[in-house]
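Encoded as structure tokens, the structure appears first; notes follow it.
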Amino acid sequence: GLERGAKNQFSTFSNFITTINQKKEGTGNRSPPTQLVIPNIKNVRDLPPICLDVRQKQRVSMDALPQELKAPIPPEPSLPIRTKTVKDFQDDVEKAKSSGDWRAVHDFYSTSFDSFLEINAAFKKDANLPFNTIEDSGIDAKFVNVVYDALLNTPQDVQKSVLKGIINGLLQEWKGPRTKDDIRAYCILLQNPQFSNTSTYVIYAHLLRQIAALTEADHHFLVHWSKKIAQTRFKQLVDRLLQFISLRLFPAKPEEFPPMMKCTWWIPSATKVLALFNAANSLSSPSIISYTDFYNSTLDHIDLMEEYHNWQCYGNSHRFSFCQYPFIISIAAKKVIIQRDSEQQMISIARQSLVDKVSRRQKPDMNMLFLNVKVRRTHLVSDSLDELARKRADLKKKLKVTFVGEAGLDMGGLTKEWFLLLIRQIFHPDYGMFTYHKDSHCHWFSSFKCDNYSEFRLVGALMGLAVYNSITLDIRFPPCCYKKLLSPPIVPCDHNTLVGICDVTLEDLIQVMPELAHGLSELLAYEGNVEEDFYSTFQVVFQEEFGVIKSYNLKPNGDKIPVTNQNRKEYVQLYVDFLLNKSIYKQFAAFYYGFHSVCASYALLLLRPEEVEILVCGSPELDMSALQRSTQYEGYQKTDLTIRYFWDVVLGFSLDLQKKLLHFATGSDRVPVGGMADLNFKISKSETSTNWLPVAHTCFNQLCLPPYKNKKELKQKLIIGISNAEGFGLE
Numbered sequence: 001g002l003e004r005g006a007k008n009q010f011s012t013f014s015n016f017i018t019t020i021n022q023k024k025e026g027t028g029n030r031s032p033p034t035q036l037v038i039p040n041i042k043n044v045r046d047l048p049p050i051c052l053d054v055r056q057k058q059r060v061s062m063d064a065l066p067q068e069l070k071a072p073i074p075p076e077p078s079l080p081i082r083t084k085t086v087k088d089f090q091d092d093v094e095k096a097k098s099s100g101d102w103r104a105v106h107d108f109y110s111t112s113f114d115s116f117l118e119i120n121a122a123f124k125k126d127a128n129l130p131f132n133t134i135e136d137s138g139i140d141a142k143f144v145n146v147v148y149d150a151l152l153n154t155p156q157d158v159q160k161s162v163l164k165g166i167i168n169g170l171l172q173e174w175k176g177p178r179t180k181d182d183i184r185a186y187c188i189l190l191q192n193p194q195f196s197n198t199s200t201y202v203i204y205a206h207l208l209r210q211i212a213a214l215t216e217a218d219h220h221f222l223v224h225w226s227k228k229i230a231q232t233r234f235k236q237l238v239d240r241l242l243q244f245i246s247l248r249l250f251p252a253k254p255e256e257f258p259p260m261m262k263c264t265w266w267i268p269s270a271t272k273v274l275a276l277f278n279a280a281n282s283l284s285s286p287s288i289i290s291y292t293d294f295y296n297s298t299l300d301h302i303d304l305m306e307e308y309h310n311w312q313c314y315g316n317s318h319r320f321s322f323c324q325y326p327f328i329i330s331i332a333a334k335k336v337i338i339q340r341d342s343e344q345q346m347i348s349i350a351r352q353s354l355v356d357k358v359s360r361r362q363k364p365d366m367n368m369l370f371l372n373v374k375v376r377r378t379h380l381v382s383d384s385l386d387e388l389a390r391k392r393a394d395l396k397k398k399l400k401v402t403f404v405g406e407a408g409l410d411m412g413g414l415t416k417e418w419f420l421l422l423i424r425q426i427f428h429p430d431y432g433m434f435t436y437h438k439d440s441h442c443h444w445f446s447s448f449k450c451d452n453y454s455e456f457r458l459v460g461a462l463m464g465l466a467v468y469n470s471i472t473l474d475i476r477f478p479p480c481c482y483k484k485l486l487s488p489p490i491v492p493c494d495h496n497t498l499v500g501i502c503d504v505t506l507e508d509l510i511q512v513m514p515e516l517a518h519g520l521s522e523l524l525a526y527e528g529n530v531e532e533d534f535y536s537t538f539q540v541v542f543q544e545e546f547g548v549i550k551s552y553n554l555k556p557n558g559d560k561i562p563v564t565n566q567n568r569k570e571y572v573q574l575y576v577d578f579l580l581n582k583s584i585y586k587q588f589a590a591f592y593y594g595f596h597s598v599c600a601s602y603a604l605l606l607l608r609p610e611e612v613e614i615l616v617c618g619s620p621e622l623d624m625s626a627l628q629r630s631t632q633y634e635g636y637q638k639t640d641l642t643i644r645y646f647w648d649v650v651l652g653f654s655l656d657l658q659k660k661l662l663h664f665a666t667g668s669d670r671v672p673v674g675g676m677a678d679l680n681f682k683i684s685k686s687e688t689s690t691n692w693l694p695v696a697h698t699c700f701n702q703l704c705l706p707p708y709k710n711k712k713e714l715k716q717k718l719i720i721g722i723s724n725a726e727g728f729g730l731e
């Protein structure tokens with residue numbers, strides 16, 4: 001209904017854009033909305049900017065802002081007195097529905113949205129209070145929600161009056177800095193559900209443009225006020241902005257919108273406003289919605305490499321690129337960018353090798369185009385370490401693995417087998433590089449000092465090679481490991497700069513050592529006398545290996561400083577920092593440099609720590625129905641009785657058994673970024689007795705299934721097979 005009315009209405013709004021543009025020209029051609037960029041990372045040359053990134057915007061008060069951003073606060077104009085309450089409004093709506101007389105409701109809407117002043121008069125909790133702090137927006141959220149919920153069910157003339165009032169507010173001449181009432185009005189207008197309709201997009205675009213052009217100090221207030229919006233409505237706001245961007249990129253009816261050339265600012269403005277909500281989400285603990293809710297899958301279908309190259313080439317200029325706002329790019333799209341960037345680097349290095357050969361008048365060899373790794377199974381780790389150290393210049397070439405004394409050609413299977421065997425051996429507890437924590441089901445770096453940290457560099461290089469060559473690894477590191485891996489995301493030019501050091505909290509320690517974290521939490525919550533009852537100092541015992549016990553002072557003379565009720569927070573923070581940063585610095589630094597020796601790319605700037613984990617280890621979200629649709633068969637047809645039994649059983653499995661099946665068949669219980677289809681899973685017919693258990697070739701993601709006679713037998717044999725599948729049966 002709104003669409004028909006709005007089309008007629010836009011004949012009266014036809015001069016809307018022209019009017020606004022004239023007003024802008026009349027104020028002296030003001031510059032376009034300022035680009036929200038983070039400062040370049042210290043000691044890194046010419047980094048492209050990431051605008052308002054989740055991990056960067058950590059301002060919590062006006063005091064933290066630079067002096068030049070603190071605009072003088074203009075006096076708030078006095079507001080008209082409006083006494084209508086939520087109940088009064090609801091009564092008016094009910095009367096209008098029963099009587100058909102909407103005049104009272106129409107008057108309320110047309111008055112309340114006629115100007116920014118009237119919006120504040122209607123929806124400010126107390127007209128006499130300034131509400132100029134980040135803690136309280138002063139908005140009567142309940143009243144706003146009730147008014148907006150009723151709006152779409154009112155007659156067309158009521159809805160038109162709201163849009164006309166918004167236009168009046170947007171066309172107002174602005175002189176000097178905005179008041180907090182203005183910011184409050186913007187916050188309220190953004191929640192208008194009418195902006196979900198494409199017929200209102202011209203108005204919506206100008207609203208977004210004005211918000212994007214606000215000063216950083218004003219953005220600071222909007223971010224913190226947005227944190228108070230209810231989760232469902234916050235999600236609706238984000239979805240509305242994402243839809244606006246998608247439909248501007250790929251309009252279903254192009255004639256609904258002005259030509260793209262005349263409104264190139266639409267998408268940048270919407271993306272910058274979306275960045276404010278992303279910052280609000282990041283500053284909330286826990287986050288209001290998942291970071292994946294900011295993904296716009298429409299961007300998977302644009303020229304991502306052009307976006308990436310624009311970002312690299314134009315850097316700090318005002319040319320817009322979605323890569324400046326990586327939170328909006330899905331992990332699938334980021335993987336495409338990383339893979340293509342990797343391929344281009346591989347081709348470039350291979351081409352250079354070829355040119356060098358020809359220039360020395362040597363015969364070109366196809367092997368020079370690959371990173372050829374030759375290893376003996378009996379000396380897997382040492383051979384791999386030697387090969388990668390010796391061929392450091394070739395790490396960005398396509399990986400090709402050969403096992404000495406074996407005739408197999410690497411079509412992908414040997415590479416995956418090399419990764420599987422090497423990771424399994426390195427992470428074995430007896431090897432001593434990593435400690436497995438049963439409570440958290442993850443590995444962590446051993447703090448035991450050694451003479452050579454090159455093996456940690458090897459593990460980092462392995463992770464980099466896995467990302468580079470699209471291999472999913474069965475590695476269990478806690479989330480803070482990936483946060484450290486991106487600290488910083490680009491290797492500093494100054495080698496004296498610390499790497500792999502990040503801000504860690506008790507929440508990070510819970511992911512690694514939950515028992516210890518629980519003990520520290522109890523210390524913080526203890527109501528008695530900490531000094532007398534715990535008798536602890538700022539010295540900790542941090543190592544007990546091979547009969548050696550060592551201690552460490554968390555601060556100078558820490559062994560003489562008692563832990564008290566007053567300093568226990570400092571004690572816990574220093575202890576957590578020691579465990580996750582300082583005690584393993586050399587090990588992690590080697591690991592960091594190993595990873596970045598392969599994955600050194602500006603594309604890493606686009607990634608969150610959680611996304612790095614998904615690229616390395618895959619996603620934990622299983623969709624066995626999707627696996628069924630993409631499975632290939634050899635010796636079987638998908639309609640065969642055995643296959644039908646198999647999928648009936650698997651789809652009925654618990655999540656734990658489904659993960660065991662995936663681990664049994666592929667070597668990992670996680671899914672690649674591209675989903676189940678990227679597994680290339682195959683079920684082959686095994687011409688053996690049905691008394692045999694199923695067999696898997698993890699290097700090829702292949703399951704060999706005997707033709708069992710009935711579903712009960714298949715289920716029994718399959719569960720036995722996947723539940724007792726440790727080790728490899730190599731011939």
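Heads up: the sequence shown runs through residues 1 to 731, numbered per full-length UniProt numbering.
We put the beta carbon where it would ideally sit given N, CA and C, even for glycine.
Since this is a predicted model, take the numbers as computed values, not measurements.
Hey, could you find the ends of the alpha helix (DSSP H) residue i is sitting in?
i: V530; result: V530 to F534
i: H518; result: P514 to A525
i: Y645; result: L641 to L651
i: I722; result: K711 to S723
i: E216; result: E216 to S226
i: R209; result: Y201 to A212
i: G413; result: G413 to I426
i: S384; result: L380 to R390
So, using beta-carbon positions, are residue i and residue j closer together than 8 Å?
i: K391; j: L371; result: yes
i: G667; j: L458; result: no
i: M305; j: R340; result: yes
i: K227; j: S287; result: no
i: K448; j: G464; result: The question names Lys, yet the displayed sequence has Phe at residue 448. No. Outside cutoff.
i: L170; j: Q210; result: yes
i: I289; j: A603; result: no
i: L589; j: V499; result: Contrary to the premise, residue 589 reads as Ala rather than Leu in this sequence. Cβ distance < 8 Å, so A589 and V499 count as in contact.
i: L523; j: F538; result: no
In the DSSP assignment, find the beta strand (DSSP E) that holds residue i and state where it starts and stops.
i: F434; result: F434 to H437
i: T402; result: K398 to F403
i: C442; result: C442 to F445
i: Y552; result: V548 to N553
i: residue 767; result: The chain is shown from 1 up to 731; residue 767 falls before or after that span and cannot be answered.
Residues in its own chain within less than 7 Å of residue i by CB, not counting five upstream and five downstream?
i: W311; result: P48, S321, C323 and Q324
i: L718; result: V649 and P694
i: R240; result: F195 and S196
i: A64; result: Note on A64: pLDDT 43, under 50, position unreliable in the model; no value is reported.
i: F427; result: F434 and H443
i: D365; result: none
Who pairs with residue i in a beta bridge, going by DSSP?
i: T537; result: P562
i: S619; result: V671
i: C481; result: According to DSSP, which records beta bridges pairwise, C481 is partnered with nothing at all.
i: S684; result: E634 and C704
i: H697; result: Q702
i: I139; result: K124
Going by beta carbon distance, what residues of the same chain come within less than 6 Å of residue i, once the five residues before and after it are set aside?
i: D394; result: L371
i: T402; result: K374
i: S536; result: V563
i: K659; result: D669
i: R608; result: none
i: Y295; result: S330
i: Q58; result: Annotation note: pLDDT 36 at Q58 (below 50); position unreliable, no value reported.
Counting only the same chain and skipping the five closest in sequence on each side, list residues whose C-beta sits under 8 Å from that of residue i.
i: A466; result: F419, T472, L473 and V616
i: D508; result: P478, P479, C480, K483, V576 and L580
i: F250; result: T298 and H301
i: L129; result: G138
i: A709; result: Here residue 709 is Lys; the residue named in the question, Ala, does not match the sequence. Excluding sequence neighbours, K709 sits near T690.
i: G519; result: none
query = Mind pulling the alpha helix (DSSP H) runs of 4 or more residues that sit fully within the region 279-364?
reply = 304-314 and 331-359
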